Amino acid sequence: MIWETIRLAVQAIFRNTMRSVLTVLGIVIGVAAVIAMVTVGEGSSSQVTADVEKLGTNILMVMPGGMDQGPGTQSVAKAFKLKDVEAIIDQIGSVDTAAPYAQTSMTAIFGPESTTTQVVGTDNRYLDAVDWPLVMGRQFLSTEETSGRAVCIIGETVRQKLFGNTNPVGETIRLSSLTCEVVGLLEAKGASSFGTDQDDVIGLPIKTFQRRISGNSDVAMMFVSVQDGKSTDRAKTDIEALMRERRRISEGEDDDFTVMDMKQIAAMLSGITNVLTGLLSAVAAVSLLVGGIGIMNIMLVSVTERTREIGIRLAVGAQSGQVLMQFLVEAIVLSVIGGLIGIVLGLMLAIFASNLMAIPFAPNPAVVGGAFLFSAVVGVIFGYFPARRAARLDPIEALRHQ
Amino acid sequence: MVDAAPLIEFREVAKIYGKGEAEVRALDGASFKIETGEFVAIMGPSGSGKSTAMNLIGCLDSPTSGEYLFHGVPVASLDREQRALLRRNYLGFVFQGYNLLARASALENVELPLIYKGVGRAERKQRALDALSKVGLKGREHHTPSELSGGQQQRVAIARALIGNPDVILADEPTGNLDTKMSREIMDLLCGLNDNEGMTIIMVTHEEDMAEYAHRLIWMVDGKVERDGKPTGGGGKR
Ligand SMILES: Nc1ncnc2c1ncn2[C@@H]1O[C@H](COP(=O)(O)OP(=O)(O)O)[C@@H](O)[C@H]1O
Ligand SMILES: [Mg+2]
Chain A
1 MIWETIRLAV QAIFRNTMRS VLTVLGIVIG VAAVIAMVTV GEGSSSQVTA
51 DVEKLGTNIL MVMPGGMDQG PGTQSVAKAF KLKDVEAIID QIGSVDTAAP
101 YAQTSMTAIF GPESTTTQVV GTDNRYLDAV DWPLVMGRQF LSTEETSGRA
151 VCIIGETVRQ KLFGNTNPVG ETIRLSSLTC EVVGLLEAKG ASSFGTDQDD
201 VIGLPIKTFQ RRISGNSDVA MMFVSVQDGK STDRAKTDIE ALMRERRRIS
251 EGEDDDFTVM DMKQIAAMLS GITNVLTGLL SAVAAVSLLV GGIGIMNIML
301 VSVTERTREI GIRLAVGAQS GQVLMQFLVE AIVLSVIGGL IGIVLGLMLA
351 IFASNLMAIP FAPNPAVVGG AFLFSAVVGV IFGYFPARRA ARLDPIEALR
401 HQ
Chain B
1001 MVDAAPLIEF REVAKIYGKG EAEVRALDGA SFKIETGEFV AIMGPSGSGK
1051 STAMNLIGCL DSPTSGEYLF HGVPVASLDR EQRALLRRNY LGFVFQGYNL
1101 LARASALENV ELPLIYKGVG RAERKQRALD ALSKVGLKGR EHHTPSELSG
1151 GQQQRVAIAR ALIGNPDVIL ADEPTGNLDT KMSREIMDLL CGLNDNEGMT
1201 IIMVTHEEDM AEYAHRLIWM VDGKVERDGK PTGGGGKR
């Protein structure tokens, strides 16, 4: 009997295709939005983790600003100096190497071409620490690093914008008043998990950066790589102790800097993506609810429109329960069909977006199953009221309708 | 069910619409008995309560007062669901306006009562095909009502009324929307059912001609039975 009812419901749905399509549109959009959001969210979150791990699990980042102020709060905490970098290398045994890091956004000009890009002050040890090879030219010479000569290494995006496919090594570019020679080209890395282009970068020796660009001797951040086989936690504690001493932080006072390992950074970044995903999914879920109300609305109209049909069914001997079931099953079948279409559409959207953002496509069976169930539940809840109204119609009134 | 009881019995049945000044006594103490196998025509001026009486017989509506017994059972004692079962198993309706499902084919329309009886798909289809061929609509099974003439639509409705093997067919002005030729065809069909299968038929009509097909004429005025007997011409059309 239930199969019969479902078959009849499907028949009724396809007898009025236009109305059915309009009815399920809300559900389709709602489910598709939820599925796409969650899938893309999980994909980018796993991409963040993978990206950060690629940087190396043995990397520590040291930033000014305490945990409570938020790492990177340079305005309140004083910046590091180059001496701090040397101190870490010299005084902490488990450290392989450390590198300074400072950056700003600037326009680079070559002939008629120009591009706005990230200008980073650092040294060769950074490239070694994060394992970033060159494909043309060379790294900085040690004399260039110590004397702060005007030389630079550029990323692939900068090369494309300024030089096209030609060899940039040996050319001179202008950064504001600074004229500097290109000595090397970095290997292309592609987009990061947040869609920022990692190859849109120009690297200068830190001393050149300080003297000619920032105009001070600050180091915004330090990258520390820990020796293979040595504990990063241990290195972290050691660095913290050393920095407290160098920054003269007395006992009982909080750190005014933060040492983070890549696991923490990964957790922090995927935390941000998760919050975003959650918010967007909530919005999508509201649209599902609106979709459910849409179903109820059209089912109510349909009950009125089909009052005479209901009268005919009652006249030939349909019981209230059978009419109720007919309309309820119709609402459920409609919303389930809408849910299925929404799932397919949502997954397709997610595949498309994942490709575009270069993140893994990570469909979550629990979410897909949940969306399906939810659409069925929407059908039950929002189909019940119109169905009950149909079932309670008075046979003679229904037959007399219009 | 008590076998000795008449198929249908009205005892002083009244149906009152509205209240006070606006009160309309659609039926005002109507009494009659109808036995199995009869072909009864109900006539009377417009507004005399014919349709009201049919709706009460068909358990589509309930009387304000008086008693309606079906096979001796007081219908007032049945609840909504039991009345639905009574319609399903014992009654077949033919309406003036056909009342077919507009988007369904002739076959699907005829099958409808069997769906609620829980008859399986294959048997349902077979019985519906048989019923359609009995009313002369072989080959029109897949037409929707809008693709059929009025007479053909009414024959689909008769097939639908027949298919559940009811005790009685209730036809309220079945030829009201049809021309003379089509009306004759419908009347011949109903007479055939009555003659050959002993089907009880109660038919409302306002055409003397049509009433001549019946054995018995109930003449109603102002919600009361004014005359009950042979049709004027003595049922000469048979
Ligand atoms: N639902 C209703 N509400 C109010 N009055 C009604 C209703 N149905 C019928 N009537 C009135 O009851 C009387 C009998 O109607 P009806 O049985 O349809 O007459 P007939 O079929 O003999 O022409 C009429 O006066 C009609 O106006
Ligand atoms: Mg009438």
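Protein sequence lines correspond, in order, to chains A and B.
Each residue of the first sequence is one higher than the one before, counting from 1 in this note's numbering.
Each residue of the second sequence is one higher than the one before, counting from 1001 in this note's numbering.
Glycine included, each C-beta is placed from N, C-alpha and C at the ideal position.
Bear in mind that the values here come from a model prediction, so they are computed numbers and not experimental data.
If we cut at 8 angstroms on Cβ distances, does residue i have a partner in chain B?
i: E53/A; result: no
i: R19/A; result: no
i: E4/A; result: yes
i: L269/A; result: no
i: R334/A; result: Reading the sequence as shown, one finds Leu at residue 334/A and not Arg. Output row for L334/A: interface = no.
i: L399/A; result: yes
i: V10/A; result: no
Tell me whether residue i is buried or exposed, calling it buried when 16 or more other Cβ atoms sit within 10 Å of its Cβ.
i: P64/A; result: buried
i: S231/A; result: exposed
i: N1165/B; result: exposed
i: T107/A; result: exposed
i: Q11/A; result: exposed
i: S1146/B; result: exposed
i: D1079/B; result: exposed
i: V1168/B; result: buried
i: P1174/B; result: buried
i: D51/A; result: buried
i: W3/A; result: exposed
i: L279/A; result: exposed
i: M268/A; result: exposed
i: E86/A; result: exposed
i: D1172/B; result: buried
i: K78/A; result: exposed
Go ahead and pull the three-state DSSP assignment for residue i.
i: Q402/A; result: coil
i: P1218/B; result: The sequence shown places Ile at residue 1218/B, rather than the Pro named in the question. Of the three classes helix, strand and coil, the one that applies to I1218/B here is strand, per DSSP.
i: M325/A; result: helix
i: D228/A; result: coil
i: D394/A; result: coil
i: A1171/B; result: strand
i: Y1017/B; result: strand
i: G338/A; result: helix
i: T258/A; result: strand
i: P365/A; result: helix
i: V1225/B; result: strand
i: E145/A; result: helix
i: F1070/B; result: strand
i: A387/A; result: helix
i: A1026/B; result: strand
i: E4/A; result: helix
i: A1041/B; result: strand
i: M18/A; result: helix
Does any residue of chain A bring its CB to less than 8 angstroms from the CB of residue i?
i: I1158/B; result: no
i: P1113/B; result: yes
i: I1148/B; result: Inspection of the sequence shows that residue 1148/B is occupied by Leu rather than by Ile. Answer no: the Cβ-Cβ gap between L1148/B and chain A never drops below 8 angstroms.
i: D1079/B; result: no
i: N1177/B; result: no
i: N1165/B; result: no
i: Y1116/B; result: yes
i: D1061/B; result: yes
i: F1039/B; result: no
i: R1011/B; result: no
i: L1085/B; result: yes
i: R1088/B; result: yes
Residues within the region 301-325 of chain A neighbouring chain B, beta-carbon criterion of under 9 angstroms:
R308, E309, G311, I312, R313, L314, A315, V316, G317, A318, Q319, S320, G321 and Q322
Along the region 370-395 of chain A, where does the CB come closer than 9 angstroms to a CB of chain B? Name the residues.
D394 and P395
Mind pulling the beta strand (DSSP E) runs of 3 or more residues that sit fully within the region 24-112 of chain A?
59-64 and 95-110
Length-filtered (3 minimum) beta strand (DSSP E) runs lying within the region 1080-1151 of chain B
1091-1094
Which ranges does the alpha helix (DSSP H) cover as unbroken runs of at least 4 residues, wholly within the region 282-326 of chain A, from first to last along the chain?
307-315
Give me the subset of the region 1093-1108 of chain B whose CB atoms are less than 7 angstroms from a CB atom of chain A, sorted by chain position.
F1093, N1099, L1101 and R1103
Beta carbons nearer than 7 angstroms to chain A: which residues of the region 1177-1205 of chain B have them?
none
Which runs of the alpha helix (DSSP H) at least 4 residues long sit entirely within the region 173-224 of chain A? Give them in chain order.
none
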